[in-house]
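> Line by line, the protein sequences give chains E and R.
Numbered per our numbering, the first sequence finishes at 144, counting up by one with no gaps.
Numbered per our numbering, the second sequence finishes at 1364, counting up by one with no gaps.
Note that the Cβ used here is the ideal one computed from N, Cα and C, for glycine as well.
What follows is a single structure, and I will ask about it in a moment.
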Amino acid sequence: MKNIKLLDVVIFLFVLLFLYASASKLMEYDVFQAQIGKSPLIMGYSKWLAFAVPGIEIIIAFALLVPRLQLAALYASFSIMFLFSAYIAFILLFSPYVPCSCGGILSKMGWTEHLIFNLAFTLFAILGIHLNLKQPEKEVTLAI
Amino acid sequence: MRKKHVLLLLSCSIAMLSIIFGLYAISPLTKEMYRGAFNRNFLPDGFIKESLILKLPYNSYYIAGTSKQKVYLGNWTNPQHLVILDINSLDSQHVSLKIPNITKYKSWDRFKVKIDSPYFYLVNGINPAILRGLISNGKAERFMNDSAYFADAVPISKSSFALRSYNLSEKSFELAKETNDSTGFRFNTEILQKQNDGMFCVEGMLHYNKSKKEIIYVYTYRNQYIVCDSNLNKKYISNTIDTFSHAPIKTVDVESQNSKMLTGLPNIINALSSVSQNNLFIKSNILAKNENIKSFVEGATIDIYDTNTGRYKSSFNLYNHEDKSLLDFTVIKNKLITIYGDYVLIRTIDIAHKQNTTSNTHIQ
Chain E
1 MKNIKLLDVV
11 IFLFVLLFLY
21 ASASKLMEYD
31 VFQAQIGKSP
41 LIMGYSKWLA
51 FAVPGIEIII
61 AFALLVPRLQ
71 LAALYASFSI
81 MFLFSAYIAF
91 ILLFSPYVPC
101 SCGGILSKMG
111 WTEHLIFNLA
121 FTLFAILGIH
131 LNLKQPEKEV
141 TLAI
Chain R
1001 MRKKHVLLLL
1011 SCSIAMLSII
1021 FGLYAISPLT
1031 KEMYRGAFNR
1041 NFLPDGFIKE
1051 SLILKLPYNS
1061 YYIAGTSKQK
1071 VYLGNWTNPQ
1081 HLVILDINSL
1091 DSQHVSLKIP
1101 NITKYKSWDR
1111 FKVKIDSPYF
1121 YLVNGINPAI
1131 LRGLISNGKA
1141 ERFMNDSAYF
1151 ADAVPISKSS
1161 FALRSYNLSE
1171 KSFELAKETN
1181 DSTGFRFNTE
1191 ILQKQNDGMF
1201 CVEGMLHYNK
1211 SKKEIIYVYT
1221 YRNQYIVCDS
1231 NLNKKYISNT
1241 IDTFSHAPIK
1251 TVDVESQNSK
1261 MLTGLPNIIN
1271 ALSSVSQNNL
1281 FIKSNILAKN
1291 ENIKSFVEGA
1301 TIDIYDTNTG
1311 RYKSSFNLYN
1321 HEDKSLLDFT
1331 VIKNKLITIY
1341 GDYVLIRTID
1351 IAHKQNTTSN
1361 THIQ
């Protein structure tokens, strides 16, 4: 049986998260756009963010599966999860009201739970980067 | 992990934080609060004489109505829960309302209590159903022809109601009267004026003033209120003191959910209102030119209008209680009843106040 490495689990979780989140946002594109339109921070960019966010999530999901791109994709995963976490923390701390712009099952979570969820994945990304760097270098055989 | 990678992670973090702070800097959050181009005529201190405070078991109460000496509180999370408070002593009594076979009604959790002593009514515009019972025994039952759907219903008499219902040919909400006789349900489409979407733009609060037999409607998103007689004939339309004559709202149609959603910044003009004798009290969300921002933001500013003349009289500000904002209020005789979170505050007010100063005063 093939050894399932911890790195594979982390990659799998991220691919699952990004594909699920982007699919649910794209399937209800108009709802997602209307909800972003209520956020005091990003309301001016709702039309293209409604495309760009799921689009970037899909690109990262595929890049995570390509060995040459995996490390870069892990950095991108870290950045996007950190960005989402910072956004939620900001809204919770500084916004006079709380808009909703969530995807699918994730919308069942309250804002605080969502923040914890995102922070957890931000840490998974750091773990993924560490595990990716720890991989043994591919053996190069010399034909002498 | 090597140093270069730690630095890379840090740079990513800083870059993402800069994006958030950059968005904040250009967002409406950093703009100064809007000030209307009008002044308020603030009442002097001494308008509010004393307050009584009562802590309720829940923070989900609303004011269902008043009678001579009592205020009635319904509960959003349990439609069969009614609390009766004496406005002088704050003695409280809990009444269990009983709706037979409650679960056979659509959206049965949405029944709302309306009081017209000695009766209580439970109204549900989705089923639809209007139930009535005596407050003394709490048993509710259907009693009239109540087949019209409505967004809000207010009792005018034992057998007639003022309703706000959706009119298909006008494609907007309109006011209507429903009576338990041959006239049945009748729209008066001359009262509400549609401005854009027909739903949010005509949103408002419906009141019946029993002492003057007047139906009063206060628009939520524009600076107007309408006074009608008990047959829904328009008496007059008057403006509130702010200048938003056109609802500053943006709506979006969500095809996938067959619904319409309000989008953009929150834009309520008139948030809460109450009618008592010849006074209309409106909690306004628009800051006046001569108003102190701190008391506006940390309290509720209430404007008083004279319903005999349609004219604005004066204003006062109520500080929030325990950092909770004003959820609901009503005025009966010289008592101002307010709900903040799970607290009820009953303040005695000098209703025959003398108007004088125009400087800002706030009341604790």
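Quick one: does the C-beta of Leu-1073(R) sit closer than 7 Å to a heavy atom of the ligand GDP?
By its list of ligands, the structure shown contains no ligand whatsoever, and the ligand GDP lies outside what it can speak to.
> Return yes when the Cβ of Ser-1315(R) is within less than 8 Å of the Cβ of Arg-1040(R), no when it is not.
Numbered from 1 along the second sequence, position 40 holds the residue referred to as residue 1040(R). Numbered from 1 along the second sequence, position 315 holds the residue referred to as residue 1315(R). Yes, these two residues count as a Cβ contact at 8 Å.
> Please list, in chain order, the chain E residues whose beta carbon lies closer than 7 Å to that of Thr-1220(R).
Within the second sequence, the letter at position 220 stands for residue 1220(R). Near Thr-1220(R) there are no residues of chain E at all, since even the closest Cβ is about 16 Å away, more than 7 Å.
> Cβ closer than 8 Å: which chain E residues qualify as neighbours of Glu-1255(R)?
Indexing the second sequence from 1 puts residue 1255(R) at position 255. Chain E residues near Glu-1255(R): Asp-30.
> On the CB-based measure, 16 or more other CB atoms within 10 Å of its CB, does Glu-113(E) come out buried or exposed?
Your numbering for residue 113(E) matches position 113 in the first sequence. Classification for Glu-113(E): exposed.
> Less than 8 Å between CB atoms is the rule here; does Val-34(E) satisfy it with respect to chain R?
Translated into the one-based positions of the first sequence, residue 34(E) becomes position 34. Rather than Val, the amino acid found at residue 34(E) in this sequence is Ala. Output row for Ala-34(E): interface = yes.
> Just tell me which of Asn-1334(R), Ile-1191(R), Thr-1348(R) and Asn-1137(R) has its CA closest to the CA of Glu-1174(R).
Taking the first residue of the second sequence as 1, we reach residue 1174(R) at position 174. The shortest Cα separation from Glu-1174(R) among Asn-1334(R), Ile-1191(R), Thr-1348(R) and Asn-1137(R) belongs to Ile-1191(R).
> How many Å lie between Ser-1011(R) and Leu-115(E) at the Cα?
For the purposes of this step, residue 1011(R) is identified with residue 11 of the second sequence, where counting begins at 1. For the purposes of this step, residue 115(E) is identified with residue 115 of the first sequence, where counting begins at 1. Using only the alpha carbons, I get a separation of about 21 Å.
> With a CB to CB cut of under 6 Å and the five nearest residues on each side skipped, what residues in its chain are close to Leu-1054(R)?
If you number the second sequence from 1, residue 1054(R) lands on position 54. Once the five neighbours on either side are set aside, the close Cβ partners of Leu-1054(R) are Leu-1090 and Val-1344.
> What does Lys-38(E) touch in chain R if you count any residue whose Cβ is under 9 Å from its own?
Indexing the first sequence from 1 puts residue 38(E) at position 38. The contacting residues are Met-1261, Leu-1262, Thr-1263, Gly-1264, Leu-1265 and Pro-1266.
> Answer with buried or exposed for Arg-1132(R), where buried requires no fewer than 16 other C-beta atoms within 10 angstroms of its C-beta.
Here residue 1132(R) refers to the residue found at position 132 when the second sequence is read from its first residue. Buried, because 16 or more other Cβ atoms sit within 10 Å of the Cβ of Arg-1132(R).
> Check the C-beta distance from Leu-1163(R) over to Glu-1178(R) and give it rounded, since I have them as a contact under 8 Å.
Within the second sequence, numbered from 1, the residue matching residue 1163(R) stands at position 163. Within the second sequence, numbered from 1, the residue matching residue 1178(R) stands at position 178. Rounded, the Cβ-Cβ distance is 6 Å, consistent with contact.
> Please give me, in chain order, every unbroken run of the alpha helix (DSSP H) with length at least 4 that falls completely inside the segment 1090 to 1178 of chain R.
Within the segment 1090 to 1178 of chain R, no complete alpha helix (DSSP H) run reaches 4 residues.
> Exposed or buried, what is Glu-57(E) when buried is set at 16 or more other beta-carbons lying within 10 Å of its beta-carbon?
The residue you call residue 57(E) lines up with position 57 of the first sequence. The residue in question, Glu-57(E), is buried, as its Cβ has 16 or more Cβ neighbours within 10 Å.
> Taking only beta-carbon atoms, is Ser-101(E) less than 8 Å away from chain R?
Here residue 101(E) is taken as the residue at index 101 of the first sequence, counted from 1. Because the pLDDT of Ser-101(E) is 48, which lies under 50, any placement of that residue in the model is unreliable, and the number read from its coordinates should be weighed accordingly. It does not; no Cβ of chain R falls within 8 Å.
> Tell me whether the beta-carbon of Leu-119(E) lies closer than 8 Å to the beta-carbon of Ser-79(E).
Here residue 119(E) corresponds to residue number 119 of the first sequence, with the count starting at 1. Here residue 79(E) corresponds to residue number 79 of the first sequence, with the count starting at 1. Not closer than 8 Å, so no.
> Apart from the five residues just before and just after Asp-1229(R), which ones in its own chain have a Cβ nearer than 8 Å to its Cβ?
Here residue 1229(R) refers to the residue found at position 229 when the second sequence is read from its first residue. Only Lys-1213, Glu-1214, Ile-1215 and Lys-1235 meet the Cβ criterion.
> The beta strand (DSSP E) with Gly-57(E) in it runs from where to where?
The sequence position of residue 57(E) within the first sequence is 57, counting from 1. Note on residue identity: the sequence assigns Glu, not Gly, to residue 57(E). Taken as a continuous stretch (DSSP letters only), Glu-57(E) belongs to no beta strand (DSSP E), being part of the alpha helix (DSSP H) at 46 to 64.
> Between the segment 1018 to 1028 of chain R and the segment 1298 to 1306 of chain R, can you find at least three pairs of beta-carbon atoms closer than 8 Å?
The segment 1298 to 1306 of chain R vs the segment 1018 to 1028 of chain R: no contact.
> Which class does Ala-1037(R) belong to by DSSP, given the choice of helix, strand or coil?
Position 37 of the second sequence, counted from the start, is the residue given in the question as residue 1037(R). Note: Ala-1037(R) maps to coil in three-state DSSP.
> Between Cys-1012(R) and chain E, is any beta-carbon pair separated by less than 8 Å?
Here the question's residue 1012(R) lines up with position 12 in the second sequence. Yes, Cys-1012(R) counts as interfacial toward chain E.
> Tell whether a beta-carbon distance below 8 Å holds between Ile-1268(R) and Asn-1285(R).
One-based indexing of the second sequence puts residue 1268(R) at position 268. One-based indexing of the second sequence puts residue 1285(R) at position 285. Yes, they are a contact pair.
> Considering Phe-1365(R), what are the terminal residues of the alpha helix (DSSP H) in which it resides?
Absent from the structure is residue 1365(R), since the part of chain R shown begins at 1001 and ends at 1364.
> Quick one: give me the first and last residue of the alpha helix (DSSP H) that Asn-132(E) is part of.
Reading the first sequence from its first residue, position 132 is the one you call residue 132(E). Here the alpha helix (DSSP H) through Asn-132(E) covers 111 to 134.
> Secondary structure at Tyr-87(E), three-state DSSP: helix, strand or coil?
Indexing the first sequence from 1 puts residue 87(E) at position 87. In the structure shown, Tyr-87(E) sits in a helix (DSSP, three-state: H, G or I).
> According to DSSP, is Ala-1288(R) part of a helix, a strand, or is it coil?
Residue numbering aside, residue 1288(R) sits at position 288 when the second sequence is read from its first letter. The answer is coil: DSSP assigns Ala-1288(R) none of H, G, I, E or B.
> Taking the alpha carbon of Leu-1073(R) as the reference point, which residue from Asn-1320(R), Lys-1194(R) and Leu-1122(R) has its own alpha carbon closest?
In the second sequence, residue 1073(R) corresponds to position 73, counting from 1. Considering only alpha carbons, the answer is Leu-1122(R).
> Taking 8 Å as the CB-CB cut-off, is Met-1016(R) touching chain E?
As a working note, residue 1016(R) is residue 16 in the second sequence. So, interface residue.
> State the Cα-Cα distance for the pair Leu-1029(R) and Met-1261(R), rounded to the nearest angstrom.
On the second sequence, position 29 is the one that residue 1029(R) refers to. On the second sequence, position 261 is the one that residue 1261(R) refers to. Between Leu-1029(R) and Met-1261(R), the C-alpha separation is close to 22 Å.
> Along the chain, where does the beta strand (DSSP E) containing Leu-997(R) start, and where does it finish?
Because residue 997(R) is not part of the residues shown, which for chain R are 1001 to 1364, the question remains open.
> Between which residues of its own chain and Leu-1008(R) is the CB-CB distance below 7 Å, once the five residues before and five after are set aside?
The residue labelled residue 1008(R) in the question sits at position 8 within the second sequence. Closer than 7 Å at Cβ, skipping near neighbours: no residue.
> What would DSSP say about Leu-16(E), mapped onto helix, strand or coil?
Counted from its first residue, the first sequence places residue 16(E) at position 16. Three-state result, Leu-16(E): helix.
> Can you tell me which of Pro-1128(R), Phe-1120(R) and Ser-1092(R) puts its alpha carbon nearest to the alpha carbon of Ser-1107(R)?
Looking up residue 1107(R) in the second sequence gives position 107. Taking only the C-alpha atoms, the option nearest Ser-1107(R) is Pro-1128(R).
> Along the chain, where does the alpha helix (DSSP H) that runs through Met-1016(R) open and close?
Within the second sequence, numbered from 1, the residue matching residue 1016(R) stands at position 16. 1003 to 1025 is the extent of the alpha helix (DSSP H) around Met-1016(R).
> For the segment 1048 to 1066 of chain R and the segment 1330 to 1339 of chain R, state whether three or more C-beta atom pairs, one from each stretch, are separated by less than 8 Å.
Yes, the segment 1048 to 1066 of chain R touches the segment 1330 to 1339 of chain R.
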